[in-house]
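This is how it looks when you write it as structure tokens:
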């Protein structure tokens with residue numbers, strides 16, 4: 001008999017957030033966004049099969065969208081918890097932490113189609129646009145450092 005793990009409900013998730021330090025909350029957001037990126041990538045990979053009528057792929061894509069929506073709700077719950085503690089919620093800070101953690105772990109990706117299609121109407125950068133710009137800047141800095149001659153300690 002197989003048991004499927006059910007996601008933690010909203011109330012228990014919110015209660016668990018109360019005992020976590022701010023750094024852990026930011027790390028959780030980075031983890032959730034990373035998971036969402038993987039689910040989106042998975043959906044992109046399944047599109048050709050779903051277009052050919054593969055019902056399993058269609059079902060999996062739909063399920064992924066439900067999970068992505070749940071993760072977005074959790075990010076909003078984390079934002080509310082941070083603000084409840086009297087701290088500022090800065091998407092840029094969260095993205096910067098996510099990018100830094102990704103670089104430390106050797107993981108870097110950019111989803112250019114998503115970045116290009118999600119232009120912010122308010123003159124602000126979206127999360128994806130900010131991440132893409134940060135990664136491009138880090139890549140330039142790395143290339144510049146490698147081109148410099150001499151011994152760096």
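In the UniProt record's numbering, the protein residues as written are 1 to 153.
Every residue gets a Cβ at the ideal spot worked out from N, C-alpha and C, and that includes glycine.
For residue 12, the enclosing alpha helix (DSSP H) covers residues 10-18. Contact check for residue 61 against residue 43 passes: the beta carbons are separated by less than 7 Å. Annotation: the continuous alpha helix (DSSP H) that includes residue 37 extends over 22-51.
In the three-state scheme derived from DSSP, where H, G and I count as helix and E and B as strand, residue 87 is classed as coil. Excluding sequence positions up to five before and after residue 32, its CB lies within less than 7 Å of the CB of 71, 74, 75, all in the same chain and listed in chain order. When secondary structure is reduced to three states using DSSP, residue 138 falls in the helix class.
DSSP, reduced to helix, strand and coil, places residue 80 within a helical segment of the structure shown. For residue 128, the secondary structure class from DSSP, reduced to helix, strand or coil, is helix.
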